[in-house]
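First residue of the sequence shown? That's 1 in the UniProt record's numbering, and the numbers climb one at a time after it.
Just so you know, even glycine gets a beta-carbon here, dropped at the ideal spot from N, CA and C.
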Amino acid sequence: MKFVVKLGGAALEDPEMLHRCAQAVAELARDGHQVALVHGGGVQLTRTLKQMGKQSEFIAGLRVTDAVTRDTALMVLAGHVNKSLVASLGAHGQSAVGLSGGDGLIFRARKKRTAPDLGFVGEIVASDPRWLEAIWKMGSVPVLSSMALGFDGEYYNINADEMAAACAMSCNADALVFLTDVPGVRGADGDVLRWLNIDQIAVLAKDEVISGGMLPKLSACREALLHGVKRVRILPAAEAGVLSDLCSARITQGTEVMVA
Ligand SMILES: Nc1ncnc2c1ncn2[C@@H]1O[C@H](COP(=O)(O)OP(=O)(O)O)[C@@H](O)[C@H]1O
Ligand SMILES: CC(=O)N[C@@H](CCC(=O)OP(=O)(O)O)C(=O)O
């Protein structure tokens with residue numbers, strides 16, 4: 001099976017969590033699945049920007065990205081975070097190849113047109129999954145950071161959940177799993193929803209039951225499901241160990257997002 005696993009920056013903060021997620025991804029690959037790992041690193045980027053004296057601003061879960069922020073995103077996401085994940089997979093005996101969307105022109109971006117303007121924030125408009133296929137053929141795991149090149153030669157900062165959905169759509173993934181720092185999507189009563197229909201997303205957003213980073217995440221889930229990805233699940237990173245059971249057993253952790 002083809003899996004796209006997205007690992008969020010908050011989950012990456014805890015070395016034990018990182019270890020668990022890398023182990024689960026390595027196990028999936030060793031079981032013969034084709035796995036692409038797409039990662040975020042929003043928390044790490046915010047910290048580095050703060051050390052540089054720059055405050056971060058988000059609008060509807062997306063970072064306002066000026067040129068300095070974009071260059072810092074390249075450094076942190078395509079650099080340190082990406083290479084740390086390659087190292088973690090390596091520590092579990094799994095070879096991995098770290099890439100950004102710009103490498104091999106796997107993903108092309110264009111500036112996201114929003115009001116207010118978000119600067120160098122992009123959206124994926126084209127993809128060429130042949131590099132992913134080539135890496136899989138070599139028995140390796142592509143590890144993708146959420147930066148992609150525009151046709152104007154500029155790098156754009158892509159929300160990592162959007163990047164993961166684009167990756168899953170591009171390679172016709174059987175499953176897209178978001179490993180995150182919460183136990184799942186919480187409903188109005190605070191309990192984790194075991195299932196979420198994509199038609200409910202707009203209502204949850206309107207009622208402010210979902211906010212911040214959950215907005216682009218659920219929008220990415222919706223896009224992926226509407227474009228042929230068969231299964232989409234939001235899973236707590238702490239439970240990454242159940243990844244290999246996803247398609248063979250009934251799992252209860254996290255939230256399954258579904259089309260009506
Ligand atoms: N209804 C909700 N259920 C769960 N998390 C929510 C909800 N609404 C907002 N959130 C926020 O969404 C965050 C997860 O999104 P995000 O920060 O983008 O995670 P990641 O780093 O995994 O991409 C949670 O930490 C939580 O603060
Ligand atoms: C445009 C935009 O907001 N990009 C994100 C990219 C990283 C990301 O999405 O990281 P997480 O998955 O850890 O949240 C950012 O700059 O924070």
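At the 8 Å Cβ level, is serine 219 part of the contact set with chain C, yes or no?
The question asks about chain C, but that chain is absent: this structure has only one protein chain.
Using a threshold of 7 Å, is the CB atom of glycine 212 nearer than that to any non-hydrogen atom of ligand 1?
Working through the sequence shown from its first residue, we reach residue 212 at position 212. Result yes, Cβ under 7 Å from ligand 1.
Would you check whether ligand 1 has a heavy atom nearer than 7 Å to the C-beta of alanine 238?
Mapped onto the sequence shown, residue 238 falls at position 238. No, ligand 1 has no heavy atom inside 7 Å of this Cβ.
Would you call the stretch 109-118 in contact with the stretch 148-168, where contact means no fewer than 3 C-beta pairs closer than 8 Å?
With a cut-off of 8 Å, the stretch 148-168 and the stretch 109-118 count as touching, because enough Cβ pairs lie within range.
Might you give, ordered along the chain, the residues of its own chain that have their beta carbon closer than 8 Å to the beta carbon of alanine 67, omitting 5 neighbours on each side?
Position 67 of the sequence shown holds residue 67. The answer, listed in chain order, is Gly119 and Phe120.
Using beta-carbon positions only, say whether valine 25 and leucine 89 come within less than 8 Å of one another.
In the sequence shown, the residue the question calls residue 25 occupies position 25. In the sequence shown, the residue the question calls residue 89 occupies position 89. Yes. Within cutoff.
I'd like to know whether the C-beta atoms of lysine 6 and alanine 164 end up nearer to each other than 8 Å.
Position 6 of the sequence shown, counted from the start, is the residue given in the question as residue 6. Position 164 of the sequence shown, counted from the start, is the residue given in the question as residue 164. Yes, Cβ-Cβ distance for lysine 6 and alanine 164 is below 8 Å.
So the candidates are Val64, Leu144 and Pro129; which of them puts its Cα closest to the Cα of valine 86?
Your numbering for residue 86 matches position 86 in the sequence shown. Nearest of Val64, Leu144 and Pro129 to valine 86, Cα basis: Leu144.
Got a sec, what are the start and stop residues for the alpha helix (DSSP H) isoleucine 201 sits in?
Taking the first residue of the sequence shown as 1, we reach residue 201 at position 201. First-last of the alpha helix (DSSP H) with isoleucine 201: 201-206.
Looking at leucine 149 and leucine 105, is the spacing between their C-beta atoms short of 8 Å?
Your numbering for residue 105 matches position 105 in the sequence shown. Your numbering for residue 149 matches position 149 in the sequence shown. Closer than 8 Å, so yes.
Could you check whether the Cβ of aspartate 207 sits closer than 7 Å to any heavy atom belonging to ligand 2?
By 1-based counting over the sequence shown, the position of residue 207 is 207. False, no ligand heavy atom lies under 7 Å from that Cβ.
For glutamine 200 versus valine 141, is the C-beta spacing smaller than 8 Å?
Residue numbering aside, residue 200 sits at position 200 when the sequence shown is read from its first letter. Residue numbering aside, residue 141 sits at position 141 when the sequence shown is read from its first letter. Not in contact: glutamine 200 and valine 141 (Cβ atoms no closer than 8 Å).
Output yes or no for whether 8 Å exceeds the beta carbon distance between valine 229 and alanine 168.
Position 229 of the sequence shown, counting from 1, holds the residue named residue 229. Position 168 of the sequence shown, counting from 1, holds the residue named residue 168. Yes, the Cβ-Cβ distance between valine 229 and alanine 168 is below 8 Å.
According to DSSP, is serine 88 helix, strand or coil?
Stepping through the sequence shown from its first residue, residue 88 is reached at position 88. In this structure, serine 88 counts as helix in the three-state DSSP scheme.
Leaving out five residues before and five after alanine 126 in sequence, what residues of the same chain have Cβ atoms less than 7 Å from its Cβ?
Against the sequence shown, residue 126 aligns to sequence position 126. For alanine 126, where only same-chain residues beyond five positions count, the Cβ hits under 7 Å are Arg108.
State buried or exposed for glutamine 34, treating a residue as buried only when at least 16 other CB atoms are found within 10 Å of its CB.
Within the sequence shown, numbered from 1, the residue matching residue 34 stands at position 34. The residue in question, glutamine 34, is buried, as its Cβ has 16 or more Cβ neighbours within 10 Å.
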